[in-house]
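A.B. asks: The sequence shown begins at 2 in our numbering and counts up one residue at a time.
I'd like to ask you about the structure that follows.
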Amino acid sequence: MNLFETNFDEYRDPAAYDLENDPYLDDVEFLRRRAENLTGPIIDLCCGTGRATIPLAEQGHAVIGVDLHEGMLRRARDKTEGLGLAVRWEKQDCSRFVLEERSRLVYMVGNSFQHFLTNESQTDLLASVNRHLEPGGEFIFGTRFPNASELLMPPEEEYWRSYTLPEGNRVDVYTVCRYEALTQIQHCTTIRRTKDGSGRVLKEQTSDISLRFSFPRELERLFGETGFEVLNGYGDWKERPLTTDSHNMVFVLRKK
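Put into C-alpha cells, the structure is as follows:
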C-alpha cells in the first residue's frame, strides 16, 4: 500500500466531503484571477472531488486533476460527466506524478500539502512539480500556518462547523487533535454527529487524519533546493499579509 493511502480515513465519504467543503471559495477565486490570461493545460494536484478543478475548467481552461484516492476521483468524474469540459482525471501519487504535458500553472489547495509528512515526500513533490512546469511557470499552494493556537490545541473536542444533509438533518463536526513536536505532525480525530430537527443525535461517526505542519524558514530552504523562487507569500487566499497571527500560508512560487 502507498504510504499516503494509510492516511485516507478522513475521505471515505466523498459526498460528505463536498457538503463540508464546497462553500469554501477563496482559493478558487484566487486561482481564477491568476489563471485568467493563461493558455495551455493547468494541473491540479490532490484534486479530490474537483472542488477547484471544475470551476477552472468552466472558465475555459484545460485542466488535469491528479489524485491517488479512487473514491474522490470517481465522484469528480461523475460530477463532470456530460458537461463537455476540458478536464481529465488521473490517479497518481502526487509526490511522483508523471504526465506528458508541461504547464504554466500547477496548484494544490485544501491544505493538501500537509499530507506530505516527511522531508523526502515534500522534496519529491516539489521536484515533480518543477519537472512539469514550463520555464517561469508557477506553483501555487496553501498550508496551515503553525501558530500557537494550532499547535497547542487542548486534547478535547473543539467545534469546527455544521452543514445540512439533503434530507434536512444537520451534521455538527468536532475535532480532537494532538501535536507531536519531534515529527511536526498533528494527529486529529474528527467526530461527526448527525442530528434531527429536535437536536437528537441519530448517528456518530469518527475518522482520523495525520497532518504535518511546516515552518516558513524550512519551506524557503525547500523551495530553493527544488528550483523555485518565492514570488508572493500571503496569510490567506485573500492576499492578506503573513503574520505570526495568521492561520494559513499561501505561496506563489516560480520555476527558476
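All residues carry an ideal CB built from backbone N, CA and C; glycine is no exception.
1) Please check the pair residue 57 and residue 76, which I expect to be a contact at CB under 8 Å, by giving their CB distance rounded to whole angstroms.
2) Rounded to the nearest angstrom, what separates residue 68 and residue 245 at their Cα positions?
3) Taking residue 134 as the reference, give the member of 155, 112, 105 with the closest Cα.
4) Between residue 253 and residue 139, is the Cβ-Cβ spacing less than 8 Å?
5) How about residue 185 and residue 213: are their beta carbons less than 8 Å apart?
6) Identify which residue in 155, 115, 151, 131 has its Cα closest to the Cα of residue 143.
7) What do you get for residue 248, buried or exposed, if any count of 16 or more other CB atoms within 10 angstroms of its CB means buried?
8) Could you check what DSSP says for residue 250 in three-state terms: helix, strand or coil?
9) Consult DSSP for residue 178 and reduce its assignment to one of helix, strand or coil.
10) With H, G and I counted as helix, E and B as strand and the rest as coil, what does DSSP make of residue 204?
11) Looking only at C-alpha atoms, which of 47, 79, 228 sits nearest to residue 98?
12) If you drop the 5 nearest sequence neighbours on each side, which residues of the same chain put their C-beta closer than 6 Å to that of residue 192?
13) DSSP state of residue 83, grouped into three classes?
14) For a quick check, are the C-beta atoms of residue 70 and residue 12 less than 8 Å apart?
15) Quick one, which of 149, 217, 93 has its alpha-carbon nearest residue 6's?
16) Which of helix, strand or coil does DSSP assign to residue 189?
17) Do you know how far the Cα of residue 156 is from the Cα of residue 45?
18) In three-state DSSP terms, what is residue 101?
19) If you follow the beta strand (DSSP E) that residue 229 is part of, which residue opens it and which one closes it?
20) Starting from residue 221, trace the alpha helix (DSSP H) both ways and give me its first and last residue.
21) Give me whichever residues DSSP pairs with residue 138 in a beta bridge.
22) Just mark residue 84 as buried or exposed, buried being the case when its beta carbon has 16 or more other beta carbons within 10 Å.
23) With distance defined between alpha-carbon atoms, name the residue in 235, 108, 100 nearest to residue 52.
C.D. replies: Judging by the given coordinates:
1) In the sequence shown, counting from the first residue as 1, residue 57 sits at position 56. In the sequence shown, counting from the first residue as 1, residue 76 sits at position 75. Rounded, the Cβ-Cβ distance is 17 Å, inconsistent with contact.
2) Residue mapping note: residue 68 aligns to position 67 of the sequence shown, counting from 1. Residue mapping note: residue 245 aligns to position 244 of the sequence shown, counting from 1. Each residue's Cα considered, the two are about 32 Å apart.
3) Indexing the sequence shown from 1 puts residue 134 at position 133. Of the candidates 155, 112, 105, the one whose C-alpha sits nearest the C-alpha of residue 134 is 105.
4) As a position in the sequence shown, residue 253 is number 252, starting the count at 1. As a position in the sequence shown, residue 139 is number 138, starting the count at 1. Yes, they are a contact pair.
5) Within the sequence shown, the letter at position 184 stands for residue 185. Within the sequence shown, the letter at position 212 stands for residue 213. Against a cut-off of 8 Å, the Cβ pair of residue 213 and residue 185 comes out as a contact.
6) The count along the sequence shown starts at 1 and reaches residue 143 at position 142. Taking only the C-alpha atoms, the option nearest residue 143 is 115.
7) Walking along the sequence shown from the start, residue 248 turns up at place 247. Classification of residue 248: exposed, given that the 10 Å Cβ count is below 16.
8) For the purposes of this step, residue 250 is identified with residue 249 of the sequence shown, where counting begins at 1. Strand at residue 250.
9) Walking along the sequence shown from the start, residue 178 turns up at place 177. The answer is strand: DSSP assigns residue 178 an E or B state.
10) Counting from one through the sequence shown, the residue named residue 204 turns up at place 203. Strand at residue 204.
11) Position 97 of the sequence shown, counting from 1, holds the residue named residue 98. When only C-alpha atoms are compared, the closest one is 47.
12) Residue 192 sits at position 191 when you count from the first residue of the sequence shown. Hits under 6 Å: 175, 207.
13) Mapped onto the sequence shown, residue 83 falls at position 82. Looking at residue 83 - three-state DSSP - the assignment turns out to be coil, as it is neither helix nor strand.
14) As a working note, residue 70 is residue 69 in the sequence shown. As a working note, residue 12 is residue 11 in the sequence shown. Contact: yes.
15) Translated into the one-based positions of the sequence shown, residue 6 becomes position 5. With distances taken between Cα atoms, residue 6 lies closest to 93.
16) By 1-based counting over the sequence shown, the position of residue 189 is 188. Of the three classes helix, strand and coil, the one that applies to residue 189 here is strand, per DSSP.
17) Here residue 45 is taken as the residue at index 44 of the sequence shown, counted from 1. Here residue 156 is taken as the residue at index 155 of the sequence shown, counted from 1. Whole-angstrom Cα-Cα distance: 34 Å.
18) Mapped onto the sequence shown, residue 101 falls at position 100. Residue state, collapsed to three classes: coil.
19) Position 228 of the sequence shown, counted from the start, is the residue given in the question as residue 229. Taken as a continuous stretch (DSSP letters only), the beta strand (DSSP E) holding residue 229 covers 229–235.
20) Residue 221 sits at position 220 when you count from the first residue of the sequence shown. 217–226 is the extent of the alpha helix (DSSP H) around residue 221.
21) Working through the sequence shown from its first residue, we reach residue 138 at position 137. Paired residue(s): none; residue 138 is not in a bridge.
22) Reading the sequence shown from its first residue, position 83 is the one you call residue 84. Exposed is the call here.
23) Walking along the sequence shown from the start, residue 52 turns up at place 51. Here the closest residue by C-alpha is 108.
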